[in-house]
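Everything below concerns the one structure shown next.
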Amino acid sequence: MLDLKFVRENPDAVRAGALKKRLPDRAAAVDKALAIDAELRAMLPRLDAMRSEQKNAGKEMGKLSPPEREAFLVKQKERKVELQAHEEKEKQLRADLDVQMGLIPNVPDSDVPEGKDDSENVEVRRIGTVRQFGFTPKAHYEIGEAQGWLDFNRAAAMAGSRNYILFGDLALLHDAVLRYAVDLLVARGFTPIDPPLLVRDAAMFGTGFFPGGEEQTYRCEKDGLNLIGTSEVPVTSLHGGEMMSEDQLPKKYVARSACFRREAGTYGKDTRGLYRVHQFHKVEQVIVDVGDKARSIQHHHEIVKNAEDMLQAFELPYRVVAVCGGDLGVPQAMKYDIETWMPSRNGYGETHSASRFYDYQARRLDLRYRQKEGGKATYCHTLNNTVAASPRILIPLLENHQQPDGTIMVPPALRPYLGGRAVLGKPVF
RNA sequence: GGUGGGAUGGCAGAGUGGCCGAUUGCGGCGGUUUUGAAAACCGCUGUGCCCUAACGGGUACCGGGGGUUCGAAUCCCUCUCCCACCGCCA
């Protein structure tokens, strides 16, 4: 949610922002919101005056003698009828305004590149050397199935397409990665969280996934609850409705959770392997801090670095891209993706997504703090980034560290989580 | 699942139809006192919206929504959440 005052004063910038995100419908919401706002403001002085009149007249009532009251009552009832019509109108306008305001996207920051989709994201840096194999490398699913680590057929039989089952060492590697990610962030001062996986609509709306993301979300209609697609939703919502004191900030959280995505509209896309699946596990970092732009940008770099440090420890080549306007989500002001080298794709595949929102989510969540200086109630800023999403991260781990016989070299950083083992699997090729 | 009790400002906690945007305490801010600090004392201290150049004024908000009434924090309905007890289950 943007500040209504800001929208009123900068309609062109807000409209241009929606268009930079390639969201013309949402740009139209700007004009609708402003039209409703104008109509509302036109009636407010009159409405307030009527209320004032009725209120004051009502106060006199108690002091009047019974016969005087009778006459007064007639007059007051007339006022009431007239007021009710206006209040009805006001309520309708406010409800309509809320809908339109909820549709207006966050304005992309100036460092967001122009572009229509992910093909126009801009590479910021490229780290690590892509390995030259002395043999023909296998895809992760070939290795996984040969090792008996992966079963897509049985998964599909019991749970439908885009599902998987991990067995044996791959199940252990999956867990090892997630534990490493949590430990890394805890060592850096983040508070670990095990959040709810089913949340109310308010949390989905507050983080900006609704309206718009309903088709991507598994919903338990009976209970009005939604399965989270990322722990960003419960963790960012954690302090929603609260008034924190400035000393409590920043809040830094790292959550490990299962995530669920319907992947509607992706038929035929990334159908093989572990890349695009309905259910996965993710370690996510979330920061809530004061409403200061420079500080948000500083945090943004910090959370990207946390993820980069993990990839470097895993000895995986990757690149960081600045996500262009057309590939940016509704609530984000700016986003970096990290893409890790995946030999089977002969390219970099997205493994991380780091967003900053400024106060967009905080406004929707009513997430505020009281400033130390002056005591003013102010909206927080929020940010988040993946630390590790698995099994997707298993793709580069298996593929980049494979050996000709189908066994996998374990990067030293992960060995303590695997009983000290340096190699997983047995020769299968 | 059943029964009963609750939800009030940053926090705690009064308030059962007009005198209540709301007593009081804590916290916070400012001041007096002090070499400085603490303590004590005095004053100030919710948020949104509208009007105003400003001073200031108006209005809405007592968990959410609806209703009764000239008038609702207060009465009624409903939803959500919290607490207690019973049942069931892990």
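Start counting the first sequence at 1444; every next residue gets the next number (the numbering used here).
C-beta atoms are modelled at their ideal positions from N, C-alpha and C, and glycine is treated no differently.
CA-to-CA, the gap between PRO1839 and ALA1832 works out to about 12 Å. For GLY1792, the uninterrupted beta strand (DSSP E) segment begins and ends at 1790-1801. Bridge pairing for ASN1669: VAL1642 and ARG1662 [DSSP].
Taking a C-beta distance under 8 Å as the contact criterion, TYR1812 and GLY1651 do not qualify as a contact pair.
From the listed residues PRO1786, ALA1750, GLU1588 and VAL1629, the smallest Cα separation to PHE1610 is found for GLU1588. Measuring C-alpha to C-alpha distances from LEU1808 to each of ASP1594, VAL1853, PHE1653 and ARG1864 identifies PHE1653 as the nearest.
No beta strand (DSSP E) of 3 residues or more sits fully in the stretch 1464-1536. Boundaries of the beta strand (DSSP E) around PHE1703: 1694-1703.
In the three-state scheme derived from DSSP, where H, G and I count as helix and E and B as strand, GLN1691 is classed as helix. In terms of CA proximity to ALA1698, GLU1675 leads the group ASP1732, HIS1844, ALA1865 and GLU1675.
Judged by their CB atoms, LEU1857 and LEU1615 are not nearer to each other than the 8 Å cut-off. ALA1820 and LEU1810 have their alpha carbons spaced roughly 10 Å apart. Look at MET1753 here: in three-state DSSP terms it is helix. A Cβ-Cβ distance of about 6 Å is found for the pair THR1850 and PRO1870, placing them in contact under the 8 Å criterion. Counting along the chain, TYR1584 sits inside no beta strand (DSSP E); it lies in the alpha helix (DSSP H) bounded by residues 1583-1589. In chain order, ARG1469, ALA1470 and PRO1548 place their CB closer than 6 Å to the CB of ALA1461, counting only its own chain and leaving out the 5 sequence neighbours on each side.
Judged by DSSP in its simplified three-state form, VAL1620 adopts helix.
Annotation: the stretch 1806-1836 contains the following complete segments of the beta strand (DSSP E) (minimum length 3 residues), in chain order: 1811-1813, 1820-1822 and 1824-1833. VAL1678: member of the alpha helix (DSSP H) spanning 1675-1680, first to last residue. In this structure, the CA atom of VAL1573 is about 23 Å from the CA atom of TYR1623. Relative to the Cα of LYS1748, the nearest Cα in the group TYR1696, LEU1841, TYR1718 and ARG1631 belongs to ARG1631. For ARG1605 against HIS1721, the beta-carbon gap comes to about 5 Å, under 8 Å, which counts as contact. For VAL1565, the enclosing beta strand (DSSP E) begins and ends at 1565-1570.
Here GLN1741 carries a helix assignment [DSSP, helix/strand/coil]. In the three-state reduction of the DSSP assignment, LEU1867 falls in the strand class. Sequence-distant partners of VAL1457 (beyond 5 residues in either direction) whose C-beta falls short of 7 Å from its own C-beta, in its chain, are LEU1445, VAL1450, VAL1473, ILE1547 and VAL1550. From the listed residues ALA1485, CYS1767 and ARG1522, the smallest Cα separation to ARG1494 is found for ARG1522.
Residue environment analysis places GLN1590 among the buried positions, since at least 16 neighbouring C-beta atoms fall within 10 angstroms of its C-beta. In the displayed model, LYS1725 falls within a strand according to three-state DSSP.
The C-beta distance from LEU1759 to LEU1613 rounds to 17 Å, too long to fall under 8 Å, and the pair is not in contact.
Taken atom to atom, the span from the alpha-carbon of GLY1649 to that of ALA1805 is near 8 Å. With respect to the 8 Å criterion, THR1660 and MET1647 are classified as neighbours on the basis of their beta carbons. Contact between LEU1754 and THR1714 does not hold, since the beta-carbon distance rounds to 26 Å and is not under 8 Å.
Taking all protein chains shown into account, PHE1578 has fewer than 16 neighbouring C-beta atoms within 10 Å of its C-beta and is therefore exposed.
ASP1561 and LYS1778 have their C-alpha atoms some 12 Å from each other. The C-alpha of ALA1478 lies about 12 Å from the C-alpha of PRO1454.
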